[in-house]
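Encoded as structure tokens, the structure appears first; notes follow it.
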Amino acid sequence: MIINHNIAALNTLNHLNAATNAQSKAMQKLSSGLRINGAADDAAGLAISEKMRSQIRGLNQATSNAQDASSLAQTAEGALNETTDILQRMRELATQAATDTNTTDDRDQIQKEMNQLTSEINRIGNTTEFNTQKLLDGSKSTTKATLKGKDITSILNTNVSLGSLTINGTSVTLTSVDALNGSTTAGAFTMASLAAALNSDLDAVFTGGSTHGGVQFDVEVSGNALKIVDLTADSDIDLTASTATATLGLTTNATTNASAKPGHGLQFQIGANENQSITLEINDMRSVALGISSETGGTGFTSSLTVTDGTNNTAEEYALDVSSADNASKAITTIDNAIKKVSTERANLGAFENRLDHTVNNLTTSSENLTSAESRIRDVDMAKEMSEQTKDSILAQAAQAMLAQANQQPQQVLQLLR
Numbered sequence: 441m442i443i444n445h446n447i448a449a450l451n452t453l454n455h456l457n458a459a460t461n462a463q464s465k466a467m468q469k470l471s472s473g474l475r476i477n478g479a480a481d482d483a484a485g486l487a488i489s490e491k492m493r494s495q496i497r498g499l500n501q502a503t504s505n506a507q508d509a510s511s512l513a514q515t516a517e518g519a520l521n522e523t524t525d526i527l528q529r530m531r532e533l534a535t536q537a538a539t540d541t542n543t544t545d546d547r548d549q550i551q552k553e554m555n556q557l558t559s560e561i562n563r564i565g566n567t568t569e570f571n572t573q574k575l576l577d578g579s580k581s582t583t584k585a586t587l588k589g590k591d592i593t594s595i596l597n598t599n600v601s602l603g604s605l606t607i608n609g610t611s612v613t614l615t616s617v618d619a620l621n622g623s624t625t626a627g628a629f630t631m632a633s634l635a636a637a638l639n640s641d642l643d644a645v646f647t648g649g650s651t652h653g654g655v656q657f658d659v660e661v662s663g664n665a666l667k668i669v670d671l672t673a674d675s676d677i678d679l680t681a682s683t684a685t686a687t688l689g690l691t692t693n694a695t696t697n698a699s700a701k702p703g704h705g706l707q708f709q710i711g712a713n714e715n716q717s718i719t720l721e722i723n724d725m726r727s728v729a730l731g732i733s734s735e736t737g738g739t740g741f742t743s744s745l746t747v748t749d750g751t752n753n754t755a756e757e758y759a760l761d762v763s764s765a766d767n768a769s770k771a772i773t774t775i776d777n778a779i780k781k782v783s784t785e786r787a788n789l790g791a792f793e794n795r796l797d798h799t800v801n802n803l804t805t806s807s808e809n810l811t812s813a814e815s816r817i818r819d820v821d822m823a824k825e826m827s828e829q830t831k832d833s834i835l836a837q838a839a840q841a842m843l844a845q846a847n848q849q850p851q852q853v854l855q856l857l858r
């Protein structure tokens, strides 16, 4: 018999501590509902379940993104519905003006309504927004940055060569333009030759130049005007005011300073991981893009500026001309083409909405299945854990009773002293 070490008590105490710890863990799992409350519970299971949680939360957010994208498309399509109604009314007016039962005064009144309806189409295109983002002004399509000029058929070559173009801070000397006949009016050279000359000067500075990152500009003919287009598609064009700038009318606003930005499609994240996105492009749905007005005038359009951008009273465009039966008849075909363009855009938006409906369904199903898989790894089996907790509770109570008995054993030594 020994009294310095009570081996039975130590052994019982170890079992008591083990049972108490097991009971504590079981109670933690039961109270949290989780089998894994910390990395020590299941290191591999924790790592796997955390990755699953990232995916689940990403999928849930992607579902919300897809629903927001659908709302955006619905907003754009709803605006175009009104544009279609306006075009139908314009076609009706053009048909009315095409018959000679109308007098000149009658057609003048029809022309006024045509002008106003065209301006309203511009207003819809310039002001339709979703979360402050404009949808129908062409900025949501992958269009290239473009500076547009006004009618320059009557300019002198000498006027063009008086100054230089400063594009994105770089001066371009118009030396090739000087090679044209500078002593005559525009009739001495074609718009194409003028565009070619300007192209030559721009190419000498920008095309393939390492200094400018290989940016390339192209000069195109648009009716009676010129356009400068950024062929790299993702850069801005900033044109500083100069004599040549004013002469060519290259601008995007009311001043001779001009700044054009490229369009970019709308990108929607519809997955939990990188590069799981889709892109929506919405084309320019304003009157010029639809072909029912012109920035430079010409055959089939009014002789004076009669159309505004819809947000102010400044006339900036030429409307379809219905002042004669012949022009009104041609306007019917022009409006038919515009209706086709709008209908095509609406169809694209509707198809995109339908696609997003399937996207949401797929994301919801994936999230549900991943949640089920994560649950099997991380969640506790309540019935099983209750059984374990009950067992550990009984063992702890039994160990506590046995510890009391073991602590009584050394007292038996006192019997030897009697």
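Our numbering puts the first residue of the sequence shown at 441, with every later residue one more than the last.
C-beta atoms are modelled at their ideal positions from N, C-alpha and C, and glycine is treated no differently.
Computed from a predicted structure; not experimentally measured.
Residue nearest to residue i in terms of C-alpha spacing, selected from the options
i    : options                   : result
D540 : K465, Q848 and S769       : S769
A635 : S662, A844 and T672       : S662
I668 : L690, V655, S675 and T647 : L690
G589 : N457, N566 and S699       : S699
L679 : G609, S640 and D724       : G609
N521 : Q463, A844 and S783       : S783
A519 : A759, I561 and A644       : I561
F792 : T719, D776, G731 and A771 : T719
N801 : N505, T647 and S744       : N505
I779 : N461, T558 and S511       : T558
N396 : K831, T804, S833 and M842 : Here the chain covers residues 441 to 858 and nothing more, so residue 396 does not appear.
T882 : N451, N454, A459 and S494 : Beyond the ends of the chain as shown, which are 441 and 858, falls residue 882; an answer cannot be given.
E757 : T503, D670, E569 and T748 : T748
Q514 : E828, T460, N788 and Q829 : N788
Reduced DSSP category for residue i - H, G, I as helix; E, B as strand; rest coil
i    : result
L474 : strand
N444 : coil
S727 : helix
S812 : helix
S494 : helix
I732 : coil
A700 : strand
A759 : strand
I722 : coil
D832 : helix
S464 : helix
V645 : helix
T586 : strand
T742 : coil
S717 : strand
Q707 : strand
V853 : helix
H678 : It is worth fixing the name first, because residue 678 is Asp in this sequence and not His. Three-state result, D678: strand.
A665 : strand
I488 : helix
S611 : strand
V617 : helix
D525 : helix
Assigned exposure category for residue i - 16 Cβ within 10 Å defines buried
i    : result
R818 : buried
A839 : buried
K491 : exposed
T624 : Only weak support is given to the placement of T624: the predicted model assigns it a pLDDT of 45, under 50, and the value that follows is read from those uncertain coordinates. Exposed.
S471 : exposed
R497 : exposed
L854 : exposed
Q848 : exposed
L527 : buried
D821 : exposed
A632 : exposed
Item to check | Every unbroken alpha helix (DSSP H) inside the stretch 530-572 [4 residues or more] | outcome: As far as the stretch 530-572 is concerned, its whole alpha helix (DSSP H) runs of at least 4 residues are 544-567.
Next on the checklist: I'd like the ranges of any alpha helix (DSSP H) spanning at least 4 consecutive residues and lying wholly in the stretch 769-797.
Outcome noted: none
Checklist entry - Using 8 Å as the threshold, is the stretch 480-488 in touch with the stretch 545-559, meaning 3 or more CB pairs across them? => result no
Next on the checklist: Three or more C-beta pairs under 8 Å: does that hold for the stretch 723-730 against the stretch 568-587?
Outcome noted: yes
Next on the checklist: Between the stretch 736-750 and the stretch 826-833, can you find at least three pairs of beta-carbon atoms closer than 8 Å?
Outcome noted: The stretch 826-833 is not in contact with the stretch 736-750.
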